[in-house]
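> Protein sequences, first through last, are from chains R, C and W.
Residues 1277 to 1438 in this note's numbering are what the first sequence lists, from first letter to last.
Residues 1277 to 1438 in this note's numbering are what the second sequence lists, from first letter to last.
Residues 1277 to 1438 in this note's numbering are what the third sequence lists, from first letter to last.
Quick one: the structure is below, and I'll ask about it shortly.
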Amino acid sequence: MKKIWYTVDAFKNRQKMKNYFKKIDLETKKQFELLDITEKVKMAVLESGIRQGIVVIAVPHTTASVRVSHNEPLLLQDIMKSIYRLVPIDISYSHDLFEVRQNVAPNERSNGHAHVKAFLLGSSESLIVEGGSLLLGAKQSIFFVELDGGRSRQCNIKVLGE
Amino acid sequence: MKKIWYTVDAFKNRQKMKNYFKKIDLETKKQFELLDITEKVKMAVLESGIRQGIVVIAVPHTTASVRVSHNEPLLLQDIMKSIYRLVPIDISYSHDLFEVRQNVAPNERSNGHAHVKAFLLGSSESLIVEGGSLLLGAKQSIFFVELDGGRSRQCNIKVLGE
Amino acid sequence: MKKIWYTVDAFKNRQKMKNYFKKIDLETKKQFELLDITEKVKMAVLESGIRQGIVVIAVPHTTASVRVSHNEPLLLQDIMKSIYRLVPIDISYSHDLFEVRQNVAPNERSNGHAHVKAFLLGSSESLIVEGGSLLLGAKQSIFFVELDGGRSRQCNIKVLGE
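Below is the structure:
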């Protein structure tokens, strides 16, 4: 087989994948809290140098979530009120029956309700990066959703693209 | 160090990342509407030329969502009825108290309920591309979920892979 | 134009995208069941050889979902009880009116409730791979959520990265 020798010109337009990871630390103060992390996610995209690709935001907790919504204070109250109505805090959750549950930690919280809420909401959202920017609608903000605070929390951000 | 010269054969099996973005425009007619966008997403995958990778579908709105479900007309009624029951339209949302809310636009809608619904459903879904096709189950269709229509809407599609 | 000849050294630090796909088969036994698939997803990440990137887990069914939660048996009961309360099985769903519905298969199930549940929960979750491992919090397990079992099911896993 005849071998053809190429110069770098043959490769320089080849797209190069970039992979950027950032863990952000958060402090929540209330049981149910919506923390706007939009600027932190935008910063991660900027730091990544990625101009087109995706962002995956994933929470490493089972009583927290991530969601995109409109940052209007009265609406955030509506959201929390609605979620409390769907998954009440004042009914019985078997998860909180520490007498019958196995492997209960000494400082265990009565947070059955928070796990159910997190299950409903999910643990990740994916967004798009285009033209060097995070693609968000005019009214969209990204929220870390604390369902069993106050706590020290993390949120993992991965930017993948080129 | 002895330098070894390689031919292009050494690189031609190297996978090349492709990045494809498409914004689709939608017109909704009703307050709550499920628009089947499966064909539009499949077209985007085809146009991308990507044979294996992922698709992220993200809505840039705070009163809309994206979901995968079975396109059966009676079922779509069930889904809408259930979501109306979970987040009723005829109860009070603080977001709609325009007298106390800050920065209310002149043409503001009473759409507290729609924001809450969008929060529950989420703003993105991720799908898989394999063998040049969007991987969907036999009964799966992709829906743009309008929760506060009728409106002119967008839906962002990113295909990432090779 | 003067052509410059490069050695492989010029390319060997260039990141190479890897694309790994795995379909896992599952057998569910009960109508509503939470199957822990954490080990299967971790295995897929290991097999992919990908050390940094993302994992998309997508179900190709319209009466199943995927979620990340704490694998504590009493909690799993709470989750199922809460979801049954939000989307009851003992109310009427138009999808189950086989007399009026079009194109009903002979072995059709009365599963309107399960479709609504799947719509609420969504069909995908995205996770992050970093340092060769799936990034999961200490209490996080990945669940295939069966909403209309027992059945033979699939779950699609895509690992994308380098």
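Glycine included, each C-beta is placed from N, C-alpha and C at the ideal position.
(1) Compare the C-beta of Gln1353 of chain C with all C-beta atoms of chain W and state if any pair is closer than 8 Å.
(2) Just tell me which of R:Pro1364, R:Ile1404, R:Val1435 and R:Ser1345 has its CA closest to the CA of His1391 of chain R.
(3) When we look at the beta-carbon of Asn1289 of chain C and count the other beta-carbons within 10 Å, is it buried (16 or more) or exposed?
(4) Among the candidates R:His1337, R:Lys1294, R:Leu1411 and R:Glu1323, whose CA atom is the shortest distance from the CA of Val1444 of chain R?
(5) For Val1331 of chain R, which beta-bridge partners are listed by DSSP?
(6) Which of the residues in the segment 1317–1331 of chain W, read from start to end, lie with their CB under 7 Å from any CB of chain C?
(7) If you drop the 5 nearest sequence neighbours on each side, which residues of the same chain put their C-beta closer than 7 Å to that of Asn1295 of chain W?
(8) Between Ser1358 of chain W and chain R, is any beta-carbon pair separated by less than 8 Å?
(9) Under three-state DSSP, which class holds Phe1308 of chain R?
(10) Give me, in chain order, the residues of the same chain whose beta-carbon lies closer than 7 Å to that of Ala1340 of chain R; leave out the 5 immediate sequence neighbours on both sides.
(11) Using the C-alpha atoms, what's the distance from Gly1413 of chain R back to Thr1314 of chain C?
(12) Please state whether DSSP places Glu1323 of chain C in a helix, a strand or coil.
(13) How would you list, in chain order, the residues of chain R whose beta-carbon sits under 7 Å from the beta-carbon of Leu1362 of chain C?
(14) Could you compute how far the alpha carbon of Asn1383 of chain W sits from the alpha carbon of Ser1399 of chain R?
(15) So, is Gly1408 of chain R buried or exposed, given that buried needs 16 or more other C-beta atoms within 10 angstroms?
(16) Output yes if chain W places a C-beta closer than 8 Å to the C-beta of His1346 of chain C; else output no.
(17) For a quick check, are the C-beta atoms of Asp1312 of chain C and Gly1388 of chain W less than 8 Å apart?
(18) Taking the straight line between their C-alpha atoms, what separation do you get for Ile1439 of chain C and Ala1320 of chain C?
(19) For Ala1340 of chain R, report the span of its beta strand (DSSP E) as first-last.
(20) What residues of chain R sit near Thr1338 of chain C, judged by a beta carbon separation below 8 Å?
(21) Which value, in whole angstroms, describes the spacing of the CA atoms of Leu1351 of chain R and Glu1303 of chain R?
(22) Which partner residues does Lys1316 of chain W have in the DSSP bridge list?
(23) What are the boundary residues of the beta strand (DSSP E) that includes Tyr1296 of chain W?
(24) Identify, in the order they occur along the chain, each residue of the same chain with its Cβ nearer than 7 Å to the Cβ of Asn1446 of chain C, setting aside the five sequence neighbours on each side.
(25) Name the residue from W:Phe1308, W:Ser1324 and W:Asp1301 whose alpha carbon lies nearest to the alpha carbon of Leu1410 of chain W.
(26) Among W:Glu1401, W:Ala1381 and W:Leu1396, which has the Cα closest to the Cα of Arg1415 of chain C?
(27) Taking 8 Å as the threshold (C-beta atoms), are Lys1434 of chain W and Val1332 of chain W in contact?
(28) Do you know how far the Cα of Val1342 of chain C is from the Cα of Arg1427 of chain C?
Short version:
(1) yes
(2) R:Pro1364
(3) Low confidence applies here, because Asn1289 of chain C scores a pLDDT of 48, under 50, leaving its location unreliable; read the following figure in that light. Exposed.
(4) In the structure as shown, chain R starts at 1277 and stops at 1438, and residue 1444 of chain R therefore has no counterpart that could be examined.
(5) R:Leu1403 and R:Val1435
(6) none
(7) Leu1436
(8) yes
(9) coil
(10) Ala1394, Phe1420, Val1421, Glu1422, Leu1423 and Arg1429
(11) 22 Å
(12) helix
(13) Leu1362
(14) 35 Å
(15) exposed
(16) yes
(17) no
(18) With chain C represented from 1277 up to 1438, any question about residue 1439 of chain C goes unanswered, as that position is not in the structure.
(19) Ala1340 to Ser1345
(20) Val1344, Ser1345, His1346, Gly1413, Lys1415 and Gln1416
(21) 22 Å
(22) Note: Lys1316 of chain W sits in no beta bridge, so no partner.
(23) Lys1294 to Glu1303
(24) There is simply no residue 1446 of chain C to check, as chain C begins at 1277 and stops at 1438 in what is shown.
(25) W:Ser1324
(26) Just to set this straight, residue 1415 of chain C is Lys in the shown sequence, not Arg. Measuring from the Cα of Lys1415 of chain C, the nearest candidate turns out to be W:Ala1381.
(27) yes
(28) 16 Å
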